[in-house]
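Each position in the sequence shown, counted from 1, maps to that position plus 42 in the working numbering. This report concerns only the one structure given below.
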Amino acid sequence: MKVFSLTPKFTLAGLLTLVVTLIAVPVFAAGTLNVYNWAEYIGETTIADFEKEFGIKVTYDNYDSVETADTKLLAGHSGYDVVSHSGSAIGRLIPAANILQPLDKSKLPNLKHMRTDVM
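See below:
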């Protein structure tokens with residue numbers, strides 16, 4: 043059995059692919075994608091490459107600890123379209139403030155191409 047490890051670049055590529063699939067219409071309408079992610083988690087040119095390819099401006103904020111992210115997210119109305127957070131924190135955030143929305147898989151035709159172990 044071949045084991046795959048998730049590199050930050052692979053993780054962001056998957057995340058951004060999912061984002062484009064999930065919110066393409068609202069993002070194109072607004073013109074900006076607001077991302078909140080771990081510090082030093084993506085490559086130096088990833089945002090510029092994404093903006094160039096898709097014509098969408100990316101506002102990229104980062105954090106260095108789970109506590110920092112939790113504080114900002116639990117305050118409400120963060121304005122982020124996409125948040126990359128630790129799996130253990132997600133379990134706390136969902137019931138705590140109802141700040142995360144479940145995926146409507148019926149609207150994700152390309153979901154079949156995603157690895158189920160990272161979804």
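In this text, a Cβ means the ideal position worked out from N, Cα and C, and glycines have one as well. Note that the structure is a prediction, hence the values are computed from the model and not measured.
Across which residues does DSSP place Thr101 in a beta bridge pair?
Here residue 101 refers to the residue found at position 59 of the sequence shown. Thr101 is bridged to Asn76.
Take Thr74 and list the residues in its own chain whose beta-carbon comes closer than 8 angstroms to its own, dropping the five residues that flank it on each side.
What you label residue 74 is simply residue 32 of the sequence shown in a count that begins at 1. Hits under 8 angstroms: Ile98, Lys99, Val100 and Thr101.
Can you tell me the Cα-Cα spacing of Glu82 and Asp159, whole angstroms?
Within the sequence shown, residue 82 is the residue found at index 40, counting from 1. Within the sequence shown, residue 159 is the residue found at index 117, counting from 1. Approximately 23 angstroms, taken between the alpha carbons.
Can you tell me where the alpha helix (DSSP H) holding Ala81 begins and where it ends?
Residue mapping note: residue 81 aligns to position 39 of the sequence shown, counting from 1. Here Ala81 belongs to no alpha helix (DSSP H), and DSSP marks it neither H nor E.
Excluding sequence positions up to five away, which residues of its chain have a Cβ less than 7 angstroms from the Cβ of Leu153?
In the sequence shown, counting from the first residue as 1, residue 153 sits at position 111. For Leu153, where only same-chain residues beyond five positions count, the Cβ hits under 7 angstroms are Lys147.
Go to Lys94, then tell me how far its alpha helix (DSSP H) extends in each direction, as first and last residue.
Counting from one through the sequence shown, the residue named residue 94 turns up at place 52. Lys94 -> alpha helix (DSSP H) spans Thr88 to Phe96.
Taking the DSSP output, what are the residues bridged to Val125?
Residue numbering aside, residue 125 sits at position 83 when the sequence shown is read from its first letter. DSSP output for Val125 lists Tyr78 as bridge partner(s).
For Val67, name the three-state secondary structure that DSSP assigns.
The residue you call residue 67 lines up with position 25 of the sequence shown. Caution applies to Val67, whose pLDDT of 44 falls short of 50 and renders its modelled position unreliable; the model cannot decide the point.
List the endpoints of the continuous alpha helix (DSSP H) containing Val113.
Counting from one through the sequence shown, the residue named residue 113 turns up at place 71. The amino acid occupying residue 113 in the given sequence is Thr; Val does not appear at that position. Note, Thr113: alpha helix (DSSP H), Val108 to Leu116.
Look at the alpha carbon of Glu95 and the alpha carbon of Ala117, and state the distance between them as a whole number of angstroms.
In the sequence shown, residue 95 corresponds to position 53, counting from 1. In the sequence shown, residue 117 corresponds to position 75, counting from 1. Distance between the alpha carbons of Glu95 and Ala117 is about 33 angstroms.
For Asp106 versus Trp80, is the C-beta distance shorter than 9 angstroms?
Your numbering for residue 106 matches position 64 in the sequence shown. Your numbering for residue 80 matches position 38 in the sequence shown. For Asp106 and Trp80, yes; Cβs fall inside 9 angstroms.
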